[in-house]
Every structure is written in structure tokens, then in C-alpha cells.
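Right, one structure below, let's go through it.
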Amino acid sequence: MASFLLRRLLALIPVLILVLVIVFSLVRLIPGDPAVTLLGPGATDQQIAALRAQMRLDEPFYLQFINYVIGLFHGDMGISLKSGAPVLSEIMVRLPATLELALSATLVAILVGIPIGVLSATRPNSLFDHFTRVFSLVGVSMPAFLLALILQLIFATYLGWLPVSGRLSPYIIMQPITGFVIIDGILTGQWDVVWSAIRYLVLPTAVLAAFLAATLGRFVRNTMLEVMSEDFIRTARAKGLSRSQVIIQHGLRNSLLPAITVIGLKFAEMLGGAILTETIFAWPGIGRFMFEAIKNRDYPVIQGTTLVFSLLFMLTSVLVDLLYGVIDPRVRKRMK
Amino acid sequence: MKPLLLFLRKNPLATLGGIVLLAILLAVIVGPWLSPYGPTKLDVLNKLQGPSLAHWLGTDSLGRDVFTRVLHGGRFTLAIGIGVVAIAFAVGVFFGTLAGYVGGPIDMVIMRFVDAMLSFPALVLAIALAAAFGPSLNNAMLAVAITLAPQFARVARSQALAISVKPYVEAAVSLGLLTRRILWRYVFANGLGPLLVQASLSIGSAILQTASLGFLGLGAQPPLSEWGADVSSNLQYLRESPWVALSPGMAILFTVLCFNLIGDNLADWFNPRRRNELD
Chain A
1 MASFLLRRLL
11 ALIPVLILVL
21 VIVFSLVRLI
31 PGDPAVTLLG
41 PGATDQQIAA
51 LRAQMRLDEP
61 FYLQFINYVI
71 GLFHGDMGIS
81 LKSGAPVLSE
91 IMVRLPATLE
101 LALSATLVAI
111 LVGIPIGVLS
121 ATRPNSLFDH
131 FTRVFSLVGV
141 SMPAFLLALI
151 LQLIFATYLG
161 WLPVSGRLSP
171 YIIMQPITGF
181 VIIDGILTGQ
191 WDVVWSAIRY
201 LVLPTAVLAA
211 FLAATLGRFV
221 RNTMLEVMSE
231 DFIRTARAKG
241 LSRSQVIIQH
251 GLRNSLLPAI
261 TVIGLKFAEM
271 LGGAILTETI
281 FAWPGIGRFM
291 FEAIKNRDYP
301 VIQGTTLVFS
311 LLFMLTSVLV
321 DLLYGVIDPR
331 VRKRMK
Chain B
337 MKPLLLFLRK
347 NPLATLGGIV
357 LLAILLAVIV
367 GPWLSPYGPT
377 KLDVLNKLQG
387 PSLAHWLGTD
397 SLGRDVFTRV
407 LHGGRFTLAI
417 GIGVVAIAFA
427 VGVFFGTLAG
437 YVGGPIDMVI
447 MRFVDAMLSF
457 PALVLAIALA
467 AAFGPSLNNA
477 MLAVAITLAP
487 QFARVARSQA
497 LAISVKPYVE
507 AAVSLGLLTR
517 RILWRYVFAN
527 GLGPLLVQAS
537 LSIGSAILQT
547 ASLGFLGLGA
557 QPPLSEWGAD
567 VSSNLQYLRE
577 SPWVALSPGM
587 AILFTVLCFN
597 LIGDNLADWF
607 NPRRRNELD
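Chains A and B are the protein sequences, given in the same order. The numbering of the first sequence is the working numbering, which starts it at 1 and goes up by one. The numbering of the second sequence is the working numbering, which starts it at 337 and goes up by one.
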């Protein structure tokens, strides 16, 4: 397993270098002198010259790139033009909020999507099956921002059951330990904090989870249908296992592998959706941070958040490969 | 024509999607001519009115007729979806076919680049590119097209790999045809089916992504009417007059739903394993 992980990480290096080239080039794509653009109107010649020197804009492109990468290895993602603070520390403060949202959405999507898919597959062409199909098609066709606005309007504005936006009641002041509000609340035994955090989490989670649950439901249904026509299912039935044992231990377990691939892939789309969701719900994560950076033309932050999103995606894909081994003994054997 | 009719008869949902899509297309092309209001015609005395016979979807904060604006915005949104996929198709298929047919180091470089592009969440990359290019509708379309192109490159490459070992390609090579001609007339032409399926599946996400950029202010700039931007520019009236912001949003949902219904069924149709199931 360890050697597999090492090989998998090594294989990422060429891709990672190209990802860094793309992120690095982002600022160079802006028409005109990057230093002038970065500083915006009203910058003095001195400031521009200073930034040009700091960014080493007079050096050849490849040297600039190498310096950028060396900087990254020292944790230097540049300085936010808006706040003047290092980009990395600004991102680290906001990262737990995004992870909290993405993980809870993934969890909800799995808990909703997989049972829906399994139930549909065991009753193909039933009313429930048609419902699943419509649900999944609407789910993938729905603009995330539209769903967010509709839920916000119904559950927060009209019914008043849930807060409109934010991450925690403004009356609660919390010293972050891990940065994950719910975990911090549990650690310190402040149950009112946990309750408040969950209430704020519900709507953004629902928006992000809807898309993934829709895709997952339909996908699990289709794989389950294929698996359930295999010979080993007939064998399992023939040896007298109960229906639920056949479906869960033989059918579902063999459908999980492709399902995990889909979860991993869609996790990326969810990170993209997090930009919209976090912006609408004023969720203080890196998605909203990126949106604000775009409004402020804060290019170092745009670069930094883009890179972090991409790293998160790459890590997920490695994690997915490792999960294969955990679930499937055949894959585990090949990993050795 | 015959295979098309067979496809439509076997896939009622795709037929429904097609009919609704044609209706939407007709509405956005003809509608603005029939509407008594202009998309930018102000009528401040009648601002933020609810849906009525005179204004089917009410009026916005400047008294403009929402239904007329949705029809106008639809022209852009539909053109965007098709335009973005056309660009992504051209770029992706060119590099993918080249990589699959030529192989060797060219293949290696192109495909590593494709891998790197696919290592970004698509919307994140589109947003970053659109931010770098500067906010405008053309730049947003270009940004989304760039993020969609790698998928076309992957499909085109695998098609080219399979086709380049076929006897007819070998024959063409031994006849001394130009590589350019072989790529176009043999490799590309014979691998078109799966690429068209990919294209039909991509139109929905192209519209969704461009609308998302518009919503974030990176797409069409006012007074241009585009569905995504129209949602966000009316957000402040969401509480009192939800129809103003939600109407263009619902229009996106229905249009994308139609494209997905067609694309989904086409994909099943061209997938031999699933096709047996349908027969």
C-alpha cells in the first residue's frame, strides 16, 4: 500500500508542474503590464517599479516561474493586494469552512443518493424509478445559484426556519481550535454552538448535495442494474440468501467501486459550486474569498485559491484510488 | 432521416425535450418581435409589478417587462451554449485527433496538458480564466470553452487511436495521401459519432457554466440581457418581487433540462450495451 501511494504521488508530479504553469500564467494573461494591473489606477511609478522588482518581471519567463515555485515550497503564495496579509495564511483561515461544507454535502449526497439508486434498481420502471430519473435530471440541470436562491427564499425568508446566510449566529463568539466550528463546539462542550452551526449549515449543504445526490442516484441505479444480472448474483440467490443480503452484500458492494469514482470526480464540480454557494450564503470559505478577490482584482488571491482548489481535487483522486483498495480485495492485491 | 425517427419513437422523453427546446428556440427568435415592450424600455411608474395579463412575468425595478427580457436574454444564452461547445469541439478534437494519430512525444505532451487542465474543477478554472481575460461575454465564453475542450480531446484521442490501426487508414498511408487529408477524411470522419454525443452532453454544462460566470459578474455586462447576469442583477428585489430574479433562472433550468434529456438519451442510444436494454 505504501509503495502504491508513493508511485501514485510521483505520477502526479508532471501534472502538478503543468498545473503550476497554468496558475502562474493566469496573471500573465492579463493584457498589459502585470505590475500596473495588479496595483490598479493611481499607483505611483515608484510602487510599480518596486512591484516589478519584487515579481522579477525583468527576468526571463522561466526564471520567474522557478522563483514562483521555490516561493510556493516556502509557503509563499504572495501578498493579498486587498488586505496586505500573506495569501497562504488568509486561505488557511478560510479552508476549514469550505471543507466543512464540502464534506457535509458529500455525506448527505451519499446518504440520499445511494439508497435512491439501490431502491430504483431493485424496482426498475416503477413509479419510484421514474421519480428518481426526473429528480436526477432536474438535479443536474439546475443552476446552483437558482436552487440556492429558491431554498433561501422558502426556508429562510418566508418560513423563517433557518438563517438566511452566514456560518454562525453573530451573538456567538468562538475561539477557533481546529477551525471546524462543529468539531470545536463538541470539543469544548458548547452544544448551543453546535446547534447554531448545524442550522447555518443546512441550506448551503442542501444546495451542494442536490447535484451530487442526483448524479449518484442515477449512476448507482445503472451500475446496480448491470451487476444484478451477473452470474454471482444468481448463485447468491440459489444458495438461499435473503433478498436484502443479495442486494446489499453482493449487489451494492460490487456497484460501490464505480460509485466512488463518480463521487471523487463530482467532488471537483462541487468545489466549483462552492464558489456560487458560499457567495450566496455568505459562507466564509475560500470560494467566497475567490469571488471577492475577483471583484477586487486581487490576482495573488485568485492564483492562490485556484491552486488550492486544484490541489484539493488531486488529493481527492489519490484518496479515491486508495479507497478502491480498501473496498476491493482484488485491487488491494494489485497495489502490492 | 429514418434513424432519427426511430430514435425519437424509442425515446419519448428525448422527443419531449426536443419539442420544448424548439418551442423555446421559436419563442426567443420570434417572441421579441411580437412583444409590445422593448427589453430596455423603461416605465418607472409600473415598476416591480406582479405577473398580470399585461406583463406575464411582471416588471423589474425599472419597469421593464420581465418576459420580454427573458426572451431577449434567451437569444444570448442559446447562442452561448452552442458557440461554446463549437469552440471546445474544434480545439479539443484538433489536439485529441493529432495526439491519438501521431503518438509519441507529441501525444505525451498534449495528454499531460489535458490531465493538468482536468485537475482543476472546471468552474474554478473558468472563473480564474475569465477573471484574467477581463469581464465580458466573449471572454466568459472563451474561458468555458477552454475548460470543456480537454474532454473532447480525450474522446477524440481514443477514437483516433482505435481508427489509426484500421486497414483503410493503412491503405490511405500506403497510397501516399497527405497526413492532413488522412486525419480529416479518415480519422476524424469515422470517429464522429461519440464526439457528437459528447457535444450534445456538453451544451447543458456550457450554458450552466456561462450563466454561473454571468451570475458572478464575469459574463455579459449591463445593459446586455443574459439569463445568469439577469438573476444576480435583480437579487436585491428577491424578497418582495421574486419573479424578477427567478424567471431567467427558471428559463436556464428548462433549457438545460431539455438539452440534457436529448443528450442523455443519445448517449444511451450510441452505447451498444445500454441499447440492447432499450430494444
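For glycine and all other residues, C-beta sits at the position ideal for the given N, C-alpha and C. Quick caveat: nothing in here was measured; it's all calculated off a predicted structure.
What are the boundary residues of the alpha helix (DSSP H) that includes Q487(B)? Locating residue 487(B) in the second sequence gives position 151, where the first residue counts as 1. Per DSSP, Q487(B) belongs to the alpha helix (DSSP H) from L473 to I499.
Among N526(B), A489(B) and Q487(B), nearest to V505(B) - alpha-carbon criterion: Within the second sequence, numbered from 1, the residue matching residue 505(B) stands at position 169. Of the residues N526(B), A489(B) and Q487(B), the one whose Cα lies closest to the Cα of V505(B) is N526(B).
Using beta-carbon positions only, say whether F551(B) and A565(B) come within less than 8 angstroms of one another. Within the second sequence, numbered from 1, the residue matching residue 551(B) stands at position 215. Within the second sequence, numbered from 1, the residue matching residue 565(B) stands at position 229. In contact: F551(B) and A565(B) (Cβ atoms closer than 8 angstroms).
Return the bridge partner residues of I79(A) from the DSSP annotation. In the first sequence, residue 79(A) corresponds to position 79, counting from 1. P86(A).
Under 7 angstroms between beta-carbons, which chain A residues line up against D451(B)? List them in chain order, please. On the second sequence, residue 451(B) is found 115 positions in, with the first residue counted as 1. Here the neighbours are V15.
Distance, E226(A) Cα to D615(B) Cα: Taking the second sequence and counting its residues from 1, one reaches residue 615(B) at position 279. Taking the first sequence and counting its residues from 1, one reaches residue 226(A) at position 226. In this predicted model, D615(B) has a pLDDT of only 41, less than 50, meaning its place in the structure is not dependable enough to derive any value.
Alpha carbon of G240(A) to alpha carbon of T433(B), nearest angstrom: Taking the first residue of the first sequence as 1, we reach residue 240(A) at position 240. Taking the first residue of the second sequence as 1, we reach residue 433(B) at position 97. For G240(A) and T433(B), the distance between alpha carbons rounds to 52 angstroms.
Quick check on the DSSP output: what are the complete alpha helix (DSSP H) runs of length 4 or more inside the segment 101-169 of chain A, in order along the chain? Fully enclosed alpha helix (DSSP H) runs of 4 or longer: 127-141 and 144-151.
Boundaries of the alpha helix (DSSP H) in which A464(B) is found, first to last residue: Within the second sequence, residue 464(B) is the residue found at index 128, counting from 1. Note, A464(B): alpha helix (DSSP H), A458 to F469.
Going along chain A in order, which residues have a C-beta closer than 8 angstroms to the C-beta of N596(B)? Position 260 of the second sequence, counting from 1, holds the residue named residue 596(B). The answer, in chain order, is L137, V140 and S141.
Opposite T395(B) in the DSSP bridges: which residues? For the purposes of this step, residue 395(B) is identified with residue 59 of the second sequence, where counting begins at 1. Answer is D401(B), bridged to T395(B).
Could you compute how far the alpha carbon of P329(A) sits from the alpha carbon of V36(A)? The sequence position of residue 329(A) within the first sequence is 329, counting from 1. The sequence position of residue 36(A) within the first sequence is 36, counting from 1. Cα to Cα, the separation comes out at about 57 angstroms.
In three-state DSSP terms, what is I70(A)? Here residue 70(A) refers to the residue found at position 70 of the first sequence. Helix.
Between the CA atoms of L544(B) and S569(B) - distance to the nearest angstrom: By one-based count along the second sequence, residue 569(B) stands at place 233. By one-based count along the second sequence, residue 544(B) stands at place 208. When the Cα atoms are used, S569(B) and L544(B) turn out to be separated by approximately 17 angstroms.
Given a cut-off of 8 angstroms on the beta-carbon distance, is the pair M290(A) and I280(A) in contact? Here residue 290(A) is taken as the residue at index 290 of the first sequence, counted from 1. Here residue 280(A) is taken as the residue at index 280 of the first sequence, counted from 1. Contact flag unset, no.
Return the chain-ordered list of same chain residues with a C-beta closer than 6 angstroms to the C-beta of T132(A), the five sequence neighbours on each side being excluded. The residue you call residue 132(A) lines up with position 132 of the first sequence. Correct list, in chain order: I116, S120 and G217.
So, at 7 angstroms on beta carbons, what are the nonlocal neighbours of I275(A) in its own chain, with the 5 sequence-adjacent residues on each side left out? Within the first sequence, the letter at position 275 stands for residue 275(A). Result list for I275(A): G287, M290 and F291, in chain order.
Does the segment 198-211 of chain A touch the segment 237-251 of chain A, meaning 3 or more C-beta pairs lie closer than 8 angstroms? Per the Cβ contact rule, the segment 237-251 of chain A is not in contact with the segment 198-211 of chain A (fewer than 3 Cβ pairs under 8 angstroms).
Under the assumption that G440(B) contacts A492(B) (Cβ atoms under 8 angstroms), give the Cβ distance between them as a whole number of angstroms. Within the second sequence, numbered from 1, the residue matching residue 440(B) stands at position 104. Within the second sequence, numbered from 1, the residue matching residue 492(B) stands at position 156. By a beta-carbon distance limit of 8 angstroms, G440(B) does not contact A492(B). Their separation comes to about 17 angstroms.
Put L340(B) into one of helix, strand or coil per three-state DSSP. Start at 1 with the first residue of the second sequence, and residue 340(B) comes out as number 4. Note: L340(B) maps to helix in three-state DSSP.
Please list, in chain order, all residues of the same chain as R332(A) whose beta carbon is under 7 angstroms from its beta carbon, the five residues on each side excluded. Here residue 332(A) refers to the residue found at position 332 when the first sequence is read from its first residue. Excluding sequence positions up to five before and after R332(A), its CB lies within less than 7 angstroms of the CB of G325, all in the same chain and listed in chain order.
With 8 angstroms set as the bound, which would you pick, yes or no: does the beta-carbon of G272(A) sit closer than that to a beta-carbon of chain B? Looking up residue 272(A) in the first sequence gives position 272. Residue-level contact check: G272(A) touches chain B, since one or more beta carbons of chain B fall below 8 angstroms from its beta carbon.
Check whether the segment 511-530 of chain B and the segment 463-478 of chain B are in contact - that is, three or more C-beta pairs closer than 8 angstroms. A contact between stretches requires three or more CB pairs, one per stretch, nearer than 8 angstroms, and the segment 511-530 of chain B fails this requirement with the segment 463-478 of chain B.
Flag this pair as touching only if the segment 67-84 of chain A and the segment 14-32 of chain A have three or more C-beta atom pairs under 8 angstroms; answer yes or no. Under the three-pair Cβ rule at 8 angstroms, the segment 67-84 of chain A counts as touching the segment 14-32 of chain A.
Let's see if you can read the secondary structure: which residues bound the alpha helix (DSSP H) around D45(A)? On the first sequence, residue 45(A) is found 45 positions in, with the first residue counted as 1. First-last of the alpha helix (DSSP H) with D45(A): D45 to Q54.
Between D184(A) and the rest of its own chain, which residues show a CB-CB distance below 7 angstroms, the 5 nearest in sequence each way excluded? If you number the first sequence from 1, residue 184(A) lands on position 184. So the qualifying residues of the chain are M174, P176, I177 and T178.
With 16 other Cβ atoms within 10 Å as the buried cut-off, status of E90(A): Translated into positions along the first sequence, residue 90(A) becomes position 90. The C-beta of E90(A) has 16 or more other C-beta atoms within 10 Å across all chains shown, which makes the residue buried.
Same chain, Cβ closer than 8 angstroms to V523(B), neighbours up to 5 away in sequence not counted: As a position in the second sequence, residue 523(B) is number 187, starting the count at 1. Only residues of its own chain outside the window of five on either side were considered, and among them T433, G436, Y437, Q495, A496, I499, S500 and V505 have a CB closer than 8 angstroms to the CB of V523(B), listed in chain order.
Helix, strand or coil: which one does DSSP assign to I355(B)? By one-based count along the second sequence, residue 355(B) stands at place 19. Helix, per DSSP.
Three-state class that DSSP yields for R570(B) in the structure shown: Your numbering for residue 570(B) matches position 234 in the second sequence. A small fix is needed here, since residue 570(B) is Asn in this sequence, not Arg. In the structure shown, N570(B) falls within a coil segment according to DSSP collapsed to helix, strand and coil.
Do W579(B) and G410(B) have their C-beta atoms within less than 8 angstroms of each other? The residue labelled residue 579(B) in the question sits at position 243 within the second sequence. The residue labelled residue 410(B) in the question sits at position 74 within the second sequence. At a Cβ-Cβ threshold of 8 angstroms, W579(B) and G410(B) do not count as neighbours.
Determine, using beta carbons only, whether S548(B) comes closer than 8 angstroms to chain A. Position 212 of the second sequence, counted from the start, is the residue given in the question as residue 548(B). For S548(B), the answer is yes, since a Cβ of chain A falls inside 8 angstroms of its Cβ.
Does the beta carbon of I260(A) come closer than 8 angstroms to any beta carbon on chain B? In the first sequence, the residue the question calls residue 260(A) occupies position 260. By this cut-off, I260(A) is not an interface position.
Measure from the alpha carbon of E269(A) to the alpha carbon of each residue in R405(B), T404(B) and A458(B), then state which is nearest. Residue numbering aside, residue 269(A) sits at position 269 when the first sequence is read from its first letter. Sorting R405(B), T404(B) and A458(B) by C-alpha distance to the C-alpha of E269(A) places A458(B) at the top.
Tell me whether M453(B) is buried or exposed, calling it buried when 16 or more other Cβ atoms sit within 10 Å of its Cβ. Translated into positions along the second sequence, residue 453(B) becomes position 117. Answer is buried; the Cβ neighbour count reaches 16.
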